[in-house]
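The C-terminal residue of the sequence shown carries number 292 in this note's numbering, and the numbering is unbroken.
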Amino acid sequence: MSAFVHGETVWDVACPRGPGRVAGVTMAGFRVGDLDALRMVPHPAVTLLLEFGAGSPVVDYAAGRRQRGSLVAGPGLGSGGAAWARGENVECVQVRLSPVIARAILGVSPADLGGAVVALDDLWGREASRIRERLADVSSWEDRFALTGALLARRHEAGPPVDPEVAWAWRRIAGGRGLVRVDRLAAELGWSRKRLWSRFHAQIGLPPKRAAKLVRFDHAAHRLVAGDSAARVAVEAGYADQSHLHRDVMEFIGVTPANVAGEPFLAVDDIAWPSREAPAGPDLPSAGSPGP
Numbered sequence: 001m002s003a004f005v006h007g008e009t010v011w012d013v014a015c016p017r018g019p020g021r022v023a024g025v026t027m028a029g030f031r032v033g034d035l036d037a038l039r040m041v042p043h044p045a046v047t048l049l050l051e052f053g054a055g056s057p058v059v060d061y062a063a064g065r066r067q068r069g070s071l072v073a074g075p076g077l078g079s080g081g082a083a084w085a086r087g088e089n090v091e092c093v094q095v096r097l098s099p100v101i102a103r104a105i106l107g108v109s110p111a112d113l114g115g116a117v118v119a120l121d122d123l124w125g126r127e128a129s130r131i132r133e134r135l136a137d138v139s140s141w142e143d144r145f146a147l148t149g150a151l152l153a154r155r156h157e158a159g160p161p162v163d164p165e166v167a168w169a170w171r172r173i174a175g176g177r178g179l180v181r182v183d184r185l186a187a188e189l190g191w192s193r194k195r196l197w198s199r200f201h202a203q204i205g206l207p208p209k210r211a212a213k214l215v216r217f218d219h220a221a222h223r224l225v226a227g228d229s230a231a232r233v234a235v236e237a238g239y240a241d242q243s244h245l246h247r248d249v250m251e252f253i254g255v256t257p258a259n260v261a262g263e264p265f266l267a268v269d270d271i272a273w274p275s276r277e278a279p280a281g282p283d284l285p286s287a288g289s290p291g292p
């Protein structure tokens with residue numbers, strides 16, 4: 001377990017020792033005694049929060065809406081700096097799900113979340129309570145990761161997959177760090193742009209152009225946290241110029257590029273998420289056909 005210090009707040013952070021059972025799932029464990037209001041930075045993953053401690057995390061978002069306890073949110077949560085997390089005596093396992101596998105694990109498409117933060121009890125019913133109880137009953141983070149991984153693997157195996165063409169398009173976007181043209185993806189699939197937009201949005205939870213923009217922002221934001229200059233990031237992350245980067249960062253997080261490095265939600269990533277899922281290769285999907 002490692003410690004992350006921000007101001008007077010200390011977060012204990014745990015990471016699994018090895019890869020998970022399902023590709024596209026990453027996990028981290030957090031224990032925070034007093035979590036001051038923390039801006040949640042949009043990320044191109046579905047966020048699953050499994051709490052089990054004496055306290056309970058609270059997420060405030062979207063003009064006064066609030067969710068407490070275990071929850072799930074689709075990719076891009078917090079756009080515009082609108083989502084904040086807080087709480088006391090918080091203990092939780094946070095899971096990031098690739099949108100490609102999220103539908104199978106959640107039982108609903110990320111699009112069905114409607115941009116809201118949804119209580120896990122409302123989505124999974126009694127199963128949400130059971131995993132909370134089991135996480136609280138064990139004493140080690142490795143056991144908690146193993147319990148969570150087994151649950152996610154079982155749900156993934158039983159749940160409906162996304163179309164292979166949609167999965168391929170997502171992986172092209174993620175692997176290209178958002179620097180792909182939607183019309184080119186559609187042409188390579190042999191689909192119309194409208195069909196790609198419809199299928200992708202329905203199964204991933206974002207339109208393809210918005211997904212690419214979010215992936216590009218995520219890469220740029222982490223470069224800024226790592227200490228790269230805004231001018232260098234703008235050039236190397238594919239922005240038209242530094243003003244274009246500024247507009248995107250303001251749109252997604254609500255602060256200027258110069259202030260991104262001070263965002264603890266991003267700064268803790270090097271501890272909590274030390275490695276990232278390798279993107280799939282560029283080959284077109286071989287299973288099935290585009291269909292009607």
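All C-beta atoms in this analysis are idealised placements derived from N, C-alpha and C, irrespective of residue type, glycine included.
Problem set entry | Closest by C-alpha distance to residue 136, when choosing among 95, 90, 229 and 226 | 90
Exercise. Between which two residues does the beta strand (DSSP E) carrying residue 148 extend?
Worked result: Per DSSP, residue 148 belongs to no beta strand (DSSP E); it is in the alpha helix (DSSP H), 141-158.
For this session: Verify whether the separation of the beta carbon atoms of residue 41 and residue 253 is less than 8 Å.
Result: yes
Exercise. Below 8 Å between beta carbons: does that hold for residue 128 and residue 56?
Worked result: no
Exercise. Which residues in the same chain have their Cβ closer than 7 Å to the Cβ of residue 281, if we skip the five residues on either side of it in sequence?
Worked result: Bear in mind that the predicted position of residue 281 carries a pLDDT of just 42, short of 50, making it unreliable; the figure below should be weighed with that in mind. Hits under 7 Å: none found.
For this session: Under the assumption that residue 211 contacts residue 44 (Cβ atoms under 8 Å), give the Cβ distance between them as a whole number of angstroms.
Result: 7 Å
For this session: Give a yes or no on whether the C-beta atoms belonging to residue 77 and residue 25 are separated by under 8 Å.
Result: no
For this session: Check whether the Cβ atoms of residue 29 and residue 72 lie closer than 8 Å to each other.
Result: no
Exercise. Between residue 208 and the rest of its own chain, which residues show a CB-CB distance below 8 Å, the 5 nearest in sequence each way excluded?
Worked result: 169, 173, 182, 185, 196, 197, 200 and 201
Exercise. Given a threshold of 16 other Cβ atoms within 10 Å of its Cβ, counted over all protein chains shown, does residue 148 qualify as buried or as exposed?
Worked result: buried
Problem set entry | Backbone CA spacing between residue 67 and residue 86 [nearest angstrom] | 11 Å
Exercise. Whose CA, out of 238, 171, 144 and 261, lies closest to the CA of residue 52?
Worked result: 144
For this session: Please go through the same chain and pick out, in chain order, the residues whose beta-carbon is closer than 7 Å to the beta-carbon of residue 276, but skip the five residues on each side of it.
Result: Legend: pLDDT at residue 276 = 49, less than 50; position of this residue unreliable, value from coordinates given subsequently. So the list is empty, once near-sequence residues are dropped.
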